[in-house]
Structures are given as structure tokens and as C-alpha cells.
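Taking it in order: structure first as C-alpha cells, then the write-up.
In the numbering used here, the protein residues as written are 51 to 619.
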């Protein structure tokens with residue numbers, strides 16, 4: 051199920067098919083559908099509020115203004131139509147064959163619609179293809195938000211990879227779609243059983259993935275997968291959980307072609323480099339990832355480091371293998387060494403699907419820099435923690451003078467998208483949260499929250515719990531972008547309530563409590579009142595929320611009621 055509300059703008063005309071399609075769309079859980087009755091009406095709506103997907107029925111509705119406005123607002127554009135629109139019955143009483151056309155970006159696909167006695171059944175079948183695409187589109191977007199690093203692996207890999215949950219394919223990369231002869235648009239409308247030549251093959255796959263588990267932790271099996279041309283292709287399939295401790299996050303599936311299609315020679319049409327994928331280890335899955343990749347054993351000894359890791363940390367290829375993380379990339383006796391030791395010994399550190407751990411790391415030369423790490427657990431055949439997979443990105447930014455700060459690029463743009471919040475204001479709040487998380491105030495840990503943007507709505511849904519310390523102050527004293535105000539804000543952060551900040555950085559108020567009435571929150575259970583109230587106000591308004599946890603110092607960035615990013619610094 052899609053866990054956040056996604057918005058679709060449905061540009062329709064008066065054809066009967068579009069009424070059937072609309073009724074199917076509005077039944078999709080987690081999706082809000084708004085209607086537009088002309089291209090002009092659609093453009094006006096898109097300028098008033100952001101949409102995730104623009105669904106256009108009929109080629110005459112796809113004008114340059116619609117395309118340009120969708121691109122400007124960052125919305126995805128999907129065009130659908132049935133040709134011919136008024137298919138007639140043949141002598142046997144069946145409707146003549148029709149074609150459903152779907153276009154998204156540079157990709158297009160067609161579905162043959164045949165064997166129907168009435169138009170309503172034909173329209174329902176076409177609507178089924180479209181709603182599966184829409185559902186898959188938003189599940190894919192959700193998966194990318196929650197598993198950004200795994201999504202990067204999928205997009206950058208040269209082998210066939212998919213992520214599935216039950217029957218739903220939540221992500222499928224172009225290589226796997228191409229192996230089966232489909233475009234990405236077609237693949238997104240598929241379910242897991244559609245990959246197999248028969249229901250019996252799918253049932254056998256479902257049974258065997260829980261047997262034959264290798265030492266690497268993967269379930270391995272071989273099957274003939276269905277291709278668009280109907281010939282099929284024999285493949286080796288490897289499956290494992292994305293998170294060894296949480297099956298609800300889905301499974302990762304790697305597909306290697308092991309046989310030729312019917313009528314082909316074995317050495318033709320090969321999709322993957324034969325010398326690359328020889329086993330089901332994570333190292334081979336991420337061998338060509340452009341970021342930093344390090345794997346360790348359960349004692350923190352480095353077992354693999356890719357070329358990017360060696361380059362960034364200043365070591366020769368293979369030089370760090372066999373060394374401990376502590377003392378190699380993290381200085382001994384530092385605060386971050388203690389947190390790294392905790393991660394090695396406590397798999398709970400790896401369980402948080404949102405958290406990115408930002409550490410100050412050290413190069414071989416002694417130079418310090420910041421790396422954002424996504425930590426994933428590796429488990430052995432006895433379901434015990436056997437090591438860690440560390441996916442990293444250099445996030446060092448240049449601060450005043452020679453100081454180095456954590457850089458919010460590039461993930462911040464996905465948070466800023468659809469808001470009017472100034473980028474400089476976002477950066478100022480983020481770095482202030484980093485300082486509060488790392489240093490507290492006068493050596494004391496403190497927790498606080500900031501809400502940026504849509505200030506009038508935020509103020510309307512909040513009340514003062516303490517005196518507004520910024521009321522009556524000069525404008526310079528009320529700008530979050532003024533570094534001279536940092537210590538004042540840290541002191542006020544010890545008091546109850548949140549800071550409300552306008553898009554231009556003007557601090558509207560401090561000490562605000564948010565009024566959240568009967569709202570079903572989208573964040574996981576276990577978070578405190580501060581997180582819940584900020585998540586709620588971001589769900590009710592177009593604001594962006596920041597929360598610094600007092601207990602652990604974790605920084606959570608929230609939008610649309612969801613935790614978009616979390617850091618431990």
C-alpha cells in the first residue's frame with residue numbers, strides 16, 4: 051500500500067473510456083485525484099498547486115503549455131489513449147481489436163485489447179493497465195525516498211535487478227526490463243507473476259526462494275522468464291531481503307541470463323558481462339556503484355572497499371582490506387569512533403530505514419571530511435549479524451574560512467521541490483541543527499524543532515506556549531541566515547516550543563505548539579511528541595520541518611507528513 055498521499059491531475063474529455071478510468075483511479079488507496087476538463091484548465095491548476103503525476107487522456111489534450119508546465123513544476127507526465135476510439139463488433143459479436151497507447155517521457159508502450167463483447171469490459175481492462183502503472187509509479191517514488199542508496203544501485207547496475215514486495219514490483223531497472231523485451235513504462239505496469247511463463251513457474255519460484263540458501267545469504271533458483279516476444283529466456287535468479295531484520299521492506303532480486311532464447315545461439319544477445327556476476331554477494335551487485343562502498347565483518351574489519359572508497363580516503367587499491375574501520379577511516383578515541391563501535395556491535399543501528407549516519411572521517415593524509423553513510427546489515431545462514439554494508443557519499447562543504455561543513459546537496463532539492471523555501475534558508479537551518487545535534491548548548495544536549503514555509507497556515511494551526519522572544523526585534527536580529535543569531539537561537543532552543551520561520555528566513559516566532567486534530571500520522575510508531583507534532587504540521591501545510599532529538603541528537607527532516615531524511619552526526 052502507498053503510505054503517503056500522492057496527487058494526480060486527470061485531464062479528461064467526454065469519452066466514455068475516461069469515465070471508467072476515473073472510477074478506477076479514485077479507488078486507488080493513498081492517491082488523490084483532481085480533474086481538469088481542458089488543457090487551459092489543467093495549466094491553471096498546475097500553477098496553483100503541485101501535482102506528482104499529470105495523467106492526460108487523448109492526444110489533443112497534450113499541448114506545449116501542458117508539457118512545459120509539468121516540466122517546470124516537476125510533475126511526471128503520462129499520456130494514454132485507445133485507438134480506434136469507437137471500435138465496432140465483428141460478425142461473431144466481439145469488438146474488433148483495439149490498442150491502448152501509454153507514453154511517459156521518452157518511453158512508450160502499447161497493449162492489444164481483444165476478445166471483448168462490450169466496450170465497458172474493454173475500458174475496464176485498459177483501466178487496469180493504467181492503474182497498475184500509476185500504482186507502480188508511486189510505489190517506485192516511495193521506495194526511492196526511503197531507500198535512496200539502493201535505488202542508486204538499481205539505476206547504476208548493468209545487470210537485471212528488481213525490488214518486490216509480495217506480488218508488487220516496486221522497482222525494476224532498465225536492464226531487466228530490456229532483457230524481457232519491455233520498455234520501462236510496460237515493466238512498471240507488471241506484477242511479479244507476469245515475469246514468469248506460467249502460474250506454475252511462479253508458484254515454484256515462490257516455494258524455492260525459501261530453500262537452497264547459499265552462504266552469502268541469497269536464495270538461488272533457475273527459471274524460464276517470460277519475454278514480450280513469447281519465446282522466454284532461461285535465467286538464474288537470486289533473492290534476499292533488503293533488510294535482514296525487516297521483511298516489510300521487500301526483497302532484492304538479481305536476474306542473470308543463463309541461456310539463449312529459442313532460435314538463438316548461446317553466444318548471441320548476451321545482456322550481462324559474463325565475468326562480472328558469478329555469485330550472489332552484495333559486492334558484485336554494487337561493483338559499479340559510483341559512490342563509496344565498504345563491507346566489513348562482524349568485528350569491523352574491512353573485507354571489501356571499491357575503487358571510489360580507496361580514492362576518497364587516499365589508499366592504494368586493497369590497502370584497507372583487513373584493517374579495522376576504527377583507526378583507518380575514523381580516528382581512534384574520537385566521538386565518532388564510539389558511535390562506529392556501537393554500530394558494529396548493535397544491529398539496531400542498521401534497522402532504521404530513514405537514518406543516514408553522518409560521520410567526520412579521516413583520510414590517510416589526516417585530512418578530515420564528512421561522509422553520509424547508509425548502513426545495511428549482512429546476516430549469515432543462522433540469521434546472525436555477519437557484517438555491514440556501508441554506502442557512503444562525500445558531503446563535505448566549505449564553510450567560513452577553512453572550516454568544513456556537512457553539505458545538504460543533492461537530496462535537499464527533493465525536499466525543496468514544490469515549496470517556496472529559499473535554498474539559503476534551508477541550508478542555514480540544516481547547519482544550525484547539525485551544530486545543536488553535535489555541540490548542544492553550553493555542553494548540554496538539547497532538542498528542538500524548526501518549521502519553514504507556509505507560515506500563515508502554520509501560525510493558524512499553532513499557539514504560543516512561551517513568550518515570542520523575537521517580537522519587536524529589528525529585522526537583522528530575526529533572520530535565521532544571520533550567523534550572529536546562532537547562539538541566541540541555541541539558548542532559546544532549551545525552552546519549550548518550535549521556531550516558525552518564513553520562506554525568506556525571517557523568524558516569525560519562537561515557542562510555538564502545533565495543534566494537530568484527529569490526524570492519522572504517517573511516521574513510524576515510537577517517535578515522541580516533538581516528532582509527531584512537526585510531522586503533523588508538515589502534513590497539514592506546505593511547510594518543511596526539522597527536528598533535533600535530545601536523546602540521540604538525530605536530525606529528522608520532514609515534509610508532507612513523512613520523514614524525508616534523517617542524520618546522526
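We put the CB at the ideal spot given by N, CA and C, even for glycine.
Asked                                                                                                                                   : Found
Through-space distance from residue 179 to residue 91, alpha-carbon basis                                                               : 26 angstroms
Spatially closest choice to residue 291 from 125, 597, 303, by CA coordinates                                                           : 303
Whole-angstrom distance between residue 217 and residue 67, CA atom to CA atom                                                          : 27 angstroms
Three-state class that DSSP yields for residue 210 in the structure shown                                                               : strand
Same chain, Cβ closer than 8 angstroms to residue 313, five either side skipped, listed in chain order                                  : Residue confidence for residue 313 is low, a pLDDT of 41 falling below 50, so the modelled location carries little weight and cannot support an answer.
Residue span of the alpha helix (DSSP H) that contains residue 464, given as start and end                                              : 462 to 466
Limits of the unbroken alpha helix (DSSP H) element including residue 513                                                               : Unbroken run through residue 513 is the beta strand (DSSP E), 512 to 514; no alpha helix (DSSP H).
Residue environment, residue 276, which counts as buried when at least 16 other CB atoms sit within 10 Å                                : buried
Sufficient close CB pairs (3 or more, under 8 angstroms) joining the stretch 486 to 498 to the stretch 542 to 557                       : yes
Residue 484 (DSSP reduced to helix, strand or coil)                                                                                     : helix
Nearest candidate by alpha-carbon position, reference residue 516, set 255, 227, 548                                                    : 548
DSSP state of residue 303 mapped onto helix, strand, coil                                                                               : strand
Run of the beta strand (DSSP E) containing residue 105, from where it starts to where it stops                                          : 103 to 107
Option nearest residue 181 by Cα separation, candidates 128, 572, 101                                                                   : 128
Residue burial classification, residue 136 (beta-carbon count within 10 angstroms, cutoff 16)                                           : exposed
Bridge partner(s) assigned by DSSP for residue 139                                                                                      : 145
Straight-line Cα distance separating residue 145 from residue 251                                                                       : 32 angstroms
Beta-carbon separation (whole angstroms), residue 380 vs residue 353, contact threshold 8 angstroms                                     : About 17 angstroms separates the two Cβ atoms, so there is no contact after all.
Buried versus exposed, by CB contacts within 10 Å (16 or more), residue 330                                                             : Confidence in residue 330 is poor, its pLDDT being 42 and thus under 50, which makes the residue's placement unreliable; the coordinate value appears in the next sentence. Burial call: buried.
Own chain residues within Cβ distance below 7 angstroms of residue 333, not counting five before or after                               : Because the pLDDT of residue 333 is 49, which lies under 50, any placement of that residue in the model is unreliable, and the number read from its coordinates should be weighed accordingly. 345, 354.
Identity of the residues DSSP links to residue 440 by a beta bridge                                                                     : 344, 425
For residue 173 and residue 239, believed in contact at Cβ under 8 angstroms, the rounded distance                                      : With 8 angstroms as the limit, residue 239 and residue 173 do not qualify as a contact, their Cβ atoms being about 16 angstroms apart.
Counted within 10 angstroms of its Cβ, other Cβ atoms place residue 114 as buried (16 or more) or exposed                               : exposed
Where residue 188 falls: helix, strand or coil (DSSP)                                                                                   : helix
Span separating the alpha-carbon of residue 387 from that of residue 285                                                                : 44 angstroms
One or two residues paired with residue 491 in a DSSP bridge                                                                            : 494
Inter-residue Cα distance where the pair is residue 595 and residue 535                                                                 : 20 angstroms
Local conformation of residue 114 per DSSP, three classes                                                                               : helix
Contacting residues, own chain, Cβ-Cβ under 6 angstroms from residue 105 (five flanking each side not counted)                          : 58, 60, 128
Secondary structure, alpha helix (DSSP H): runs of 4+ residues fully inside the stretch 55 to 86                                        : 66 to 75
Endpoints, alpha helix (DSSP H) assigned at residue 599                                                                                 : Per DSSP, residue 599 belongs to no alpha helix (DSSP H) and is neither H nor E.
Whole-angstrom distance between residue 520 and residue 6, CA atom to CA atom                                                           : Since the first and last residues shown for the chain are 51 and 619, residue 6 lies out of range.
Neighbour-count burial assignment, residue 253, 16 or more Cβ in a 10 Å radius                                                          : exposed
Cut-off 6 angstroms between Cβ atoms - residues of its own chain near residue 585, not counting five sequence neighbours on either side : 571, 573, 608, 611
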